[in-house]
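Number of protein chains: 2
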Amino acid sequence: MMRAAFDRRVRRLGLTRSQWLVLSLLHRRPGVSQSELAEMLEVERAAAGRMVDRLERRNWLVRRPDRLDRRVNRLYLTAEADAVQAEMGRIAVELLDDAMAGLGAEEREALSDMLERVKAQLQGMSPRAASSPDARPGLSP
Amino acid sequence: MMRAAFDRRVRRLGLTRSQWLVLSLLHRRPGVSQSELAEMLEVERAAAGRMVDRLERRNWLVRRPDRLDRRVNRLYLTAEADAVQAEMGRIAVELLDDAMAGLGAEEREALSDMLERVKAQLQGMSPRAASSPDARPGLSP
DNA sequence: AGGCAATGGTAGCCTAGGCAACAAGCAGGC
DNA sequence: GCCTGCTTGTTGCCTAGGCTACCATTGCCT
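If you read the protein sequences in the order shown, they are chains A and B. Heads up: take any position in the first sequence, counting from 1, add 1278, and you land on my numbering. Heads up: take any position in the second sequence, counting from 1, add 1278, and you land on my numbering.
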């Protein structure tokens, strides 16, 4: 429902929530590879790749080959994307605020905290959990 | 992540979480129409219709015409669907329990309650909110 | 140097959902 | 009776994601 609400609100900008997540991430870390992007978004490489396809087709970002490793594409936002990115961020905050209108400050804190814990739990049972480099994924080591 | 985790667990049964939601609902209320189904699942009529397509194609349910209103299809589970439905329910409960393993009983209660409130808030701003029959959709009556 | 495993990216097939346009059917007003 | 408007369902086009198989490249190890 959050996704749907967000998409409804930013439709006029010609983007979706998922696309905004990419833009936002690329704004903070320009030059990441597609694999890195996929991992950060917690999504399959294929899905990330197609996302990049769509965004590139609409000129929101550019693929540029890495000079050291010919396999990887480094991703960079275009100027327009950089411009719209902030606006989307504002909308995201607004939506979050509206959605939690019925909750007090401590409740929001608690909700956020609990969801983080649930997320960690779910991450621990995801197939991608095995390759965690340093974090202990299991629950009973 | 919940959806993904659930789908991973029930894959061997040849179904998905969304499909299970339909089966579960139809088990409790056989003979609902597609529109009713869509509303109960909080999904567009088109999406519900395609869902029914897939489930019918795989013989999990049957469309039967209503005798009074030739527009509507009434939906009924097949025997196999009825059988597998309970199993899926058990898996759902298990998953929920696993996901909230890091939370105490009161926390779970609180989380559930808060999410309900957030959901209500989001429902109030959805486009389908206007046609609510009795409930007041606004936030400050 | 050569081979082999790991990594990055892509394409194919699938489910899932949104929005819009449409046809068929129903119901109420005149 | 007839027309007008609403409801039900379907179809088309779109994004989004999962899984698998595959190709190219890289890097390690012998």
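Using N, Cα and C, we set each Cβ at its ideal position, and we do this for glycine too.
Can you tell me the Cα-Cα spacing of glutamate 1385(A) and glutamate 1387(B), whole angstroms?
Looking up residue 1385(A) in the first sequence gives position 107. Looking up residue 1387(B) in the second sequence gives position 109. Distance between the alpha carbons of glutamate 1385(A) and glutamate 1387(B): 13 angstroms.
For serine 1404(B), the nearest candidate out of Leu1393(A), Asp1376(A), Gln1401(A) (CA to CA):
If you number the second sequence from 1, residue 1404(B) lands on position 126. With distances taken between Cα atoms, serine 1404(B) lies closest to Asp1376(A).
Are there 16 or more other CB atoms within 10 angstroms of the CB of valine 1330(A), so buried, or fewer, so exposed?
Counting from one through the first sequence, the residue named residue 1330(A) turns up at place 52. It counts as buried.
Along chain B, which residues have their Cβ under 7 angstroms away from the Cβ of glutamate 1385(A)?
Within the first sequence, the letter at position 107 stands for residue 1385(A). Going along chain B in sequence order, the residues near glutamate 1385(A) (Cβ under 7 angstroms) are Met1392.
For leucine 1315(A), which residues of its own chain have a beta-carbon under 6 angstroms away from its beta-carbon, when the five flanking residues on both sides are left out?
Within the first sequence, numbered from 1, the residue matching residue 1315(A) stands at position 37. Closer than 6 angstroms at Cβ, skipping near neighbours: Ala1326.
Which full runs of the alpha helix (DSSP H) of 4+ residues lie inside the stretch 1303 to 1336 of chain A, going along the chain?
The alpha helix (DSSP H) runs lying completely inside the stretch 1303 to 1336 of chain A and spanning 4 residues or more are 1312 to 1319, 1323 to 1335, given in chain order.
Report yes or no: is there a C-beta of chain A within less than 7 angstroms of the C-beta of glutamine 1297(B)?
On the second sequence, residue 1297(B) is found 19 positions in, with the first residue counted as 1. No, its Cβ sits nowhere closer than 7 angstroms to a Cβ of chain A.
Residues of the stretch 1366 to 1381 of chain B with Cβ closer than 8 angstroms to any Cβ of chain A, in chain order:
Residues Asp1376, Ala1377, Met1378, Ala1379, Gly1380, Leu1381.
What is the DSSP secondary structure of leucine 1389(A), reduced to helix, strand or coil?
Position 111 of the first sequence, counted from the first residue, corresponds to residue 1389(A). Helix, per DSSP.
By how many angstroms is the C-alpha of glutamine 1312(B) removed from the C-alpha of glycine 1416(A)?
Sequence index remark: in the first sequence, residue 1416(A) carries index 138 (1-based). Sequence index remark: in the second sequence, residue 1312(B) carries index 34 (1-based). The predicted position of glycine 1416(A) is uncertain, since its pLDDT is 34 and thus under 50; no value can be drawn from it.
Considering only residues of the same chain and omitting the five flanking positions on each side of arginine 1395(A), which have a CB-CB separation below 6 angstroms?
Position 117 of the first sequence, counting from 1, holds the residue named residue 1395(A). Cβ within range, chain order: n/a, list empty.
Beta carbon of leucine 1301(B), beta carbon of alanine 1370(B): below 7 angstroms?
For the purposes of this step, residue 1301(B) is identified with residue 23 of the second sequence, where counting begins at 1. For the purposes of this step, residue 1370(B) is identified with residue 92 of the second sequence, where counting begins at 1. Contact check for leucine 1301(B) against alanine 1370(B) fails: the beta carbons are separated by 7 angstroms or more.
Using the Cα positions of glycine 1380(B) and arginine 1368(B), report the straight-line distance between them to the nearest angstrom.
If you number the second sequence from 1, residue 1380(B) lands on position 102. If you number the second sequence from 1, residue 1368(B) lands on position 90. The C-alpha of glycine 1380(B) lies about 20 angstroms from the C-alpha of arginine 1368(B).
Could you check what DSSP says for valine 1396(A) in three-state terms: helix, strand or coil?
Along the first sequence, one-based indexing puts residue 1396(A) at 118. In the three-state reduction of the DSSP assignment, valine 1396(A) falls in the helix class, which pools H, G and I.
Output yes if chain A places a C-beta closer than 7 angstroms to the C-beta of serine 1418(B); else output no.
Along the second sequence, read from residue 1 onward, the residue named residue 1418(B) stands at position 140. Confidence at serine 1418(B) is low in this model, with a pLDDT of 32, below 50, so its placement is unreliable and the value that follows should be read with caution. Not one beta carbon of chain A lies nearer than 7 angstroms to the beta carbon of serine 1418(B).
Thinking C-alpha only, which one of Met1279(B), Gln1399(B), Leu1373(B) is nearest glutamate 1322(A)?
Here residue 1322(A) is taken as the residue at index 44 of the first sequence, counted from 1. Of the candidates Met1279(B), Gln1399(B), Leu1373(B), Met1279(B) places its Cα closest to the Cα of glutamate 1322(A).
Looking at leucine 1339(B) and leucine 1319(B), is the spacing between their C-beta atoms short of 7 angstroms?
Position 41 of the second sequence, counted from the start, is the residue given in the question as residue 1319(B). Position 61 of the second sequence, counted from the start, is the residue given in the question as residue 1339(B). For leucine 1319(B) and leucine 1339(B), no; Cβs fall outside 7 angstroms.
Can you give me the start and stop residues for the beta strand (DSSP E) that arginine 1352(A) sits inside?
The residue given as residue 1352(A) occupies position 74 in the first sequence. In the DSSP assignment, arginine 1352(A) falls within the beta strand (DSSP E) that extends over 1351 to 1355.
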